[in-house]
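Asker: Before I ask anything, let me first share the structure, which is written out below as structure tokens.
In this note's numbering, the protein residues as written are 65 to 160.
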């Protein structure tokens, strides 16, 4: 059963906030993770460039979570969202 378009929250980590004008939590309307990410990238093109590849998919080094559950391994079109969900986008950090 689908609930339709829902207002959800996207948590933006500190390292990416320069692309959201300092916003750490951005609200978007979406039914799926794919729509949420596309809406975020449309609103903040600089952020979109850093998290999406040329085909509009999350880059390999970007992890996505819905309510703290990892969903990066799933097709973002299949990840359904509900009103009040929080999507977190985290780039992987490499060290050495």
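Positions of the beta carbon are idealized from the N, C-alpha and C atoms, including for glycine. All values reported here derive from a predicted model rather than from experimental measurement.
1) Assign residue 157 to one of two classes, buried (16 or more other C-beta atoms within 10 Å of its C-beta) or exposed (fewer than that).
2) Expressed to the nearest angstrom, what Euclidean distance is found between the alpha-carbon atoms of residue 133 and residue 145?
3) CB residue 98 to CB residue 155, shorter than 8 Å?
4) For the candidate residues 105, 122 and 149, whose alpha-carbon lies nearest to that of residue 136?
5) Classify residue 89 as buried or exposed, calling it buried when 16 or more other Cβ atoms lie within 10 Å of its own Cβ.
6) Are residue 72 and residue 149 closer than 8 Å when you measure CB to CB?
Answerer: Judging by the given coordinates:
1) Counting the other Cβ atoms within 10 Å of the Cβ of residue 157 gives fewer than 16, which makes it exposed.
2) 12 Å
3) no
4) Of the candidates 105, 122 and 149, the one whose C-alpha sits nearest the C-alpha of residue 136 is 122.
5) If you draw a 10 Å sphere on the C-beta of residue 89, you find fewer than 16 other C-beta atoms in it, and that means exposed.
6) yes
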